[in-house]
Amino acid sequence: MARIAILLADRCHPKECQWECQAYCPPVRMGQECIVEGPIGKPIISETLCIGCGICVHKCPFDAIKILNTPEADESEIVHRYGYNGFRLYRLPTVPKHGITGLLGPNGTGKSTALRILAGQEVANLGDYAAPGAWAKVMERYRGTQLHEHFRRIASGELRVASKPQYVDRLADEGGTVGEFVGGSPAETERRIEEVGLGPKRERPLAELSGGELQLAAIARCLATPADLYLFDEPSSYLDIVHRLTVARLLRRLGEERSVVVVEHDLALLDYLADTAHLVYGEEAAFGVISHPIPMRAAINTYLAGYLKDENVRFRTEPVRFVAHPPKLPPRGNSIVEFDALAKSYGAFELSVAPGLLARGETVGVVGPNATGKTTFVKMLAGAERPTSGVAPAGVTVSYKPQYLKATGSGSLRDRVEALRAEPGFDASLFERELVPGLRLDGLLDVALTDLSGGELQRSAVALALARPATLYLLDEPSAYLDADERMAMAKLIRRQTERLAATALVVDHDVYFLDLASDALMVFSHPDGDPTRGAGAGPFPMREGMNRLLAGLSVTFRRDAETRRPRINREGSVLDREQRASGEYYYEGAA
């Protein structure tokens, strides 16, 4: 193993500290220049002189230092490095002539960097961060491999590449309408806009689109661009389950003729999409190692097990396990929240929700397409929206995590927790003992909330919501911005905390793996008779019945993997797909 030192430059504030990293470093005290001031006034840590004691890591008041041992990745395999104490990426994915290749791994481990290098948007420096990357060096490194021909064609302009960026919310600033943004030939533009479901909005300005609509516009633009290689970075973000499946089918058809590389955290979607996958492991913002290609089913099972046998690397302490959901007894005497029939009118849109019971210790998933009223229903229970008819439950203490998060003020997460200590019943010990380690918030406690990424802010908001005393926890899309690891950890934590507190949780989400791990039952929302001006919600139903109701409307069937018990989407027209449709079992609990 090799020891590496990482300085998170955005967290390091040398003018606001006493240089504790240098003051307490044993080699520095012995007269060695292990930590010195760099050209921009921030520390430089010598990886050669560092003894790995970790004192600087614990003494840094801003949690800006990481001292790590990398797995067995040869230093000659470094593809790109950002500065002396910066992030480094090992290896690249292979790019076949056609078919879909997946990239699966935690946030901050180099997946987007790998896509930029494959696209030629960034030339790999091969570890020589002091000099700009050069195509001659890149092609010399990869001589005799498949990537040599890829980079030769990129450098000469022979290979056409189309990319769908990760952060589509920034597209709203580009101006113009959907049709103008998608571009391409008129016929191809029209076809792609219709295929992703934006036909009625082709003349709408980008600035007026929702996050999901911006995602669909970005996908349509990529599909409408003639290319040999298509790169899609997190195409399911902001999309509901209906649009995720629509996009998956479009990409599968594209992969039959072209080479496609997809970065995706929705494991059910990636399993359905890709033929092979590369696992990416490492440490966020420190290093990432890309594995050799693995067949798709084996890749996800390896990812869930946490042990990469071929490279003898363990990247998860405990395997992720799925279980079939046995039918639960009706709430009745165990009910903690009972709600009447509720209705809400918004101009041309009308929502109606049937009455229901929520049981103590139960986590209920809320599923259905976007614009069917899921968020409105949650807001009515939270008291943030007044029903047009019906009355929200009385005498229920609610803790609400909204769908859209925005950090305000200049305080940190620790400051927010200290302020909440004054609230009656706020459990600070629960926050520190269970939620901080469970959601990996240790390094975020003293970072300003306005400096947190989308995923970090999401984990912080869920932790604060679960730490408040309540009988009903309302969490709207808690998996947004999270990678697959973070989603699975959060799902299990929500379910565990709900049972431990003998409370009830309602969780709105679109990730089937997340819902399968978190939920005991489901509420299902839909457009009655396909009418987009009406939304209807019903339930809770037992997990199996609820998923059958949802999936029947989507015309897709799921089975369970024999090895891991995880849900898997059946290919349309397969033997299992036909058998399950005939029996009405769209969410099969048996393994295959």
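The sequence shown: position 37 = 566 (this note's numbering), numbered continuously.
Quick reminder that beta carbons are idealized off the backbone N, C-alpha and C, glycines included.
These figures come from a predicted structure and were not determined experimentally.
**Study point:** Supposed contact pair L536 and I594 - C-beta distance, whole angstroms, cut 8 angstroms
**Key:** Counted from its first residue, the sequence shown places residue 594 at position 65. Counted from its first residue, the sequence shown places residue 536 at position 7. Confirmed, Cβ separation roughly 6 angstroms.
Check your understanding: Taking Cβ positions, are T638 and V809 nearer each other than 7 angstroms?
Key -> Within the sequence shown, residue 638 is the residue found at index 109, counting from 1. Within the sequence shown, residue 809 is the residue found at index 280, counting from 1. Closer than 7 angstroms, so yes.
Review point. Just how far apart, CA to CA, sit E1006 and R1024?
Key: Working through the sequence shown from its first residue, we reach residue 1006 at position 477. Working through the sequence shown from its first residue, we reach residue 1024 at position 495. Answer to the nearest angstrom: the Cα atoms are 15 angstroms apart.
Review point. Name the DSSP beta bridge partners of H542, please?
Key: On the sequence shown, residue 542 is found 13 positions in, with the first residue counted as 1. The partner list for H542 (beta bridge, DSSP) is empty, contrary to what the question assumes.
Point to revise | Assigned secondary structure, N830 (DSSP; H/G/I helix, E/B strand, else coil) | key: As a working note, residue 830 is residue 301 in the sequence shown. Look at N830 here: in three-state DSSP terms it is helix.
Review point. What are the boundary residues of the beta strand (DSSP E) that R1063 is part of?
Key: Counted from its first residue, the sequence shown places residue 1063 at position 534. 1063 to 1071 is the span of the beta strand (DSSP E), which, as asked, contains R1063.
**Study point:** Supposed close pair D1106, N1099 - CB separation, criterion 8 angstroms
**Key:** One-based indexing of the sequence shown puts residue 1106 at position 577. One-based indexing of the sequence shown puts residue 1099 at position 570. Contact flag correct, Cβ pair sits at about 4 angstroms.
Practice item. For the region 663 to 683 and the region 614 to 625, state whether three or more C-beta atom pairs, one from each stretch, are separated by less than 8 angstroms. Key: yes
Check your understanding: Which residue's Cα is closest to the Cα of L780: R721, R558, L743, E813?
Key -> Taking the first residue of the sequence shown as 1, we reach residue 780 at position 251. Selected option, being the one with the closest Cα: R721.
Review point. Relative to the C-alpha of L799, which residue among V1037, E1108, G634, A990 is closest?
Key: Locating residue 799 in the sequence shown gives position 270, where the first residue counts as 1. Nearest of V1037, E1108, G634, A990 to L799, Cα basis: G634.
Check your understanding: Helix, strand or coil for H821 per DSSP?
Key -> Working through the sequence shown from its first residue, we reach residue 821 at position 292. H821 falls in the coil class under three-state DSSP.
Review point. Thinking just about the alpha-carbon of each residue, which of A777, G1082, M825 is nearest to the one in D1058?
Key: Taking the first residue of the sequence shown as 1, we reach residue 1058 at position 529. If we check each option's Cα against that of D1058, G1082 comes out closest.
Check your understanding: Using the C-alpha atoms, what's the distance from V1085 back to Y1117?
Key -> Locating residue 1117 in the sequence shown gives position 588, counting from the first residue. Locating residue 1085 in the sequence shown gives position 556, counting from the first residue. Their backbone Cα atoms lie some 11 angstroms apart in a straight line.
Practice item. To the nearest angstrom, report how far apart I533 and D657 are at their CA atoms. Key: Looking up residue 533 in the sequence shown gives position 4. Looking up residue 657 in the sequence shown gives position 128. Approximately 15 angstroms between the Cα atoms of the pair.
Exercise for review: Could you have a look at K1021 and say whether DSSP puts it in helix, strand or coil?
Suggested key: As a first step, residue 1021 must be located in the sequence shown, where it is residue number 492. Helix at K1021.
Practice item. Using only alpha-carbon positions, find the residue among G817, D839, Y613, E952 that is nearest to I823. Key: For the purposes of this step, residue 823 is taken as residue 294 along the sequence shown, with counting starting at 1. For I823, the nearest C-alpha among the options comes from D839.
Review point. Where does the unbroken beta strand (DSSP E) through E879 begin, and where does it stop?
Key: For this step, residue 879 is matched to residue 350 along the sequence shown. Counting along the chain, the beta strand (DSSP E) containing E879 begins and ends at 878 to 882.
Check your understanding: Quick one: Cα of A999 to Cα of A1032, how far?
Key -> Sequence index remark: in the sequence shown, residue 999 carries index 470 (1-based). Sequence index remark: in the sequence shown, residue 1032 carries index 503 (1-based). C-alpha separation (whole angstroms): 7 angstroms.
Review point. Which residues in the same chain as P860 place their Cβ atom closer than 6 angstroms to its Cβ, once the five residues preceding and following it in sequence are excluded?
Key: As a position in the sequence shown, residue 860 is number 331, starting the count at 1. Residue confidence for P860 is low, a pLDDT of 48 falling below 50, so the modelled location carries little weight; the figure read from the coordinates is stated next. Correct list, in chain order: L886, A888.
Check your understanding: CA-CA distance, Y929 and L993?
Key -> The residue labelled residue 929 in the question sits at position 400 within the sequence shown. The residue labelled residue 993 in the question sits at position 464 within the sequence shown. Approximately 10 angstroms between the Cα atoms of the pair.
Check your understanding: For I596 versus G583, is the C-beta spacing smaller than 7 angstroms?
Key -> Your numbering for residue 596 matches position 67 in the sequence shown. Your numbering for residue 583 matches position 54 in the sequence shown. Their beta carbons are under 7 angstroms apart, which means I596 touches G583 by this criterion.
Practice item. Give the straight-line distance between the Cα atoms of F1087 and G713, rounded to the nearest whole angstrom. Key: The count along the sequence shown starts at 1 and reaches residue 1087 at position 558. The count along the sequence shown starts at 1 and reaches residue 713 at position 184. Going by the C-alpha atoms only, they are around 36 angstroms apart.
Review point. If we ignore side chains and look at the alpha-carbon of each, how far apart do S958 and R997 end up?
Key: Here the question's residue 958 lines up with position 429 in the sequence shown. Here the question's residue 997 lines up with position 468 in the sequence shown. Distance between the alpha carbons of S958 and R997: 11 angstroms.
**Study point:** Own chain partners of K1021 with C-beta closer than 7 angstroms, once the 5 adjacent residues on each side are dropped
**Key:** Locating residue 1021 in the sequence shown gives position 492, where the first residue counts as 1. Excluding sequence neighbours, K1021 sits near L1046.
Review point. Helix, strand or coil for G1113 per DSSP?
Key: To locate residue 1113, count along the sequence shown from 1; it is residue 584. DSSP places G1113 in coil when its eight states are reduced to three.
**Study point:** Simplified DSSP state of M559, which is helix, strand or coil
**Key:** Numbered from 1 along the sequence shown, position 30 holds the residue referred to as residue 559. Correct three-state label for M559: coil.
Review point. How is S941 classed by DSSP in three states: helix, strand or coil?
Key: As a working mapping, residue 941 is identified with position 412 in the sequence shown. Three-state DSSP puts S941 in a strand.
Check your understanding: Taking the alpha carbon of E566 as the point to measure from, which residue in W548, Y553, M559 has its own alpha carbon closest?
Key -> To locate residue 566, count along the sequence shown from 1; it is residue 37. Nearest C-alpha to E566: W548.
Check your understanding: In chain order, which continuous runs of the beta strand (DSSP E) of length 3 or greater are located wholly inside the region 593 to 641?
Key -> Within the region 593 to 641, the complete beta strand (DSSP E) segments of 3 residues or longer fall at 594 to 599, 607 to 610, 617 to 619, 628 to 633, listed in chain order.
Exercise for review: Would you check if the distance between the CB atom of A1012 and the CB atom of H794 is smaller than 7 angstroms?
Suggested key: Locating residue 1012 in the sequence shown gives position 483, counting from the first residue. Locating residue 794 in the sequence shown gives position 265, counting from the first residue. Looking at the sequence provided, one finds Asp at residue 1012 rather than Ala. Cβ atoms of D1012 and H794: closer than 7 angstroms.
Check your understanding: For I629 versus Y619, is the C-beta spacing smaller than 7 angstroms?
Key -> As a working note, residue 629 is residue 100 in the sequence shown. As a working note, residue 619 is residue 90 in the sequence shown. Against a cut-off of 7 angstroms, the Cβ pair of Y619 and I629 comes out as no contact.
Practice item. Work out the CA separation of G726 and K1044 for me, nearest whole Å. Key: By 1-based counting over the sequence shown, the position of residue 1044 is 515. By 1-based counting over the sequence shown, the position of residue 726 is 197. Inspection of the sequence shows that residue 1044 is occupied by Leu rather than by Lys. Rounded to whole angstroms, L1044 to G726 spans 25 angstroms at the Cα level.
Check your understanding: If you scan the region 668 to 697 from start to end, which runs of the alpha helix (DSSP H) of 4 or more residues do you find wholly inside it?
Key -> 675 to 685
Point to revise | Contact between the region 778 to 792 and the region 756 to 770 (3+ Cβ pairs under 8 angstroms) | key: yes
Check your understanding: For the ligand ZN, is there a heavy atom less than 6 angstroms away from the beta-carbon of G984?
Key -> Among the components of this structure there are no ligands whatsoever, and the ligand ZN is therefore not found.
Check your understanding: Distance, Cα to Cα, R943 vs H627?
Key -> Looking up residue 943 in the sequence shown gives position 414. Looking up residue 627 in the sequence shown gives position 98. Cα to Cα, R943 sits roughly 49 angstroms from H627.
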